[in-house]
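The sequence shown begins at 2 in the numbering used here and counts up one residue at a time. Where a beta carbon is used, it is the ideal one built from N, C-alpha and C, also for glycine. The model shown is predicted, which means the values in this text are computed figures rather than measured ones.
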Amino acid sequence: MEQVLDFLFMQPVLSVRQLQTFLNISFPIAQRYIDRLVDAGVLQEVTGQSRNRIFRANEIFQALEVLE
2 MEQVLDFLFM QPVLSVRQLQ TFLNISFPIA QRYIDRLVDA GVLQEVTGQS RNRIFRANEI
62 FQALEVLE
């Protein structure tokens, strides 16, 4: 999970495929990581679609806005 969080700081808007590629893991495992982060409130799905969804780590963006 540490690598997933590291990736979020590099790519705070991401898809399951992007996480899969970055971590070199299967799609279902990447999806499970994303689901856990959505359940924890870390990620929010922003497309409203059932496929090719995009997720956003809002708190990372909020932290960046504070630093401006």
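Could you pull the DSSP bridge partners for Arg57 from this structure? Val14 and Gln45
Mind checking which residues open and close the alpha helix (DSSP H) that includes Gln32? Phe28 to Asp40
Taking 7 angstroms as the limit between beta carbons, can you name the residues of its chain near Phe10, skipping five residues before and five after? Ile61
For a quick check, are the C-beta atoms of Ala58 and Leu68 less than 8 angstroms apart? no
Out of curiosity, what's the CA-to-CA distance linking Arg54 and Ser16? Inter-residue distance for Arg54 and Ser16 is about 6 angstroms (C-alpha atoms, whole angstroms).
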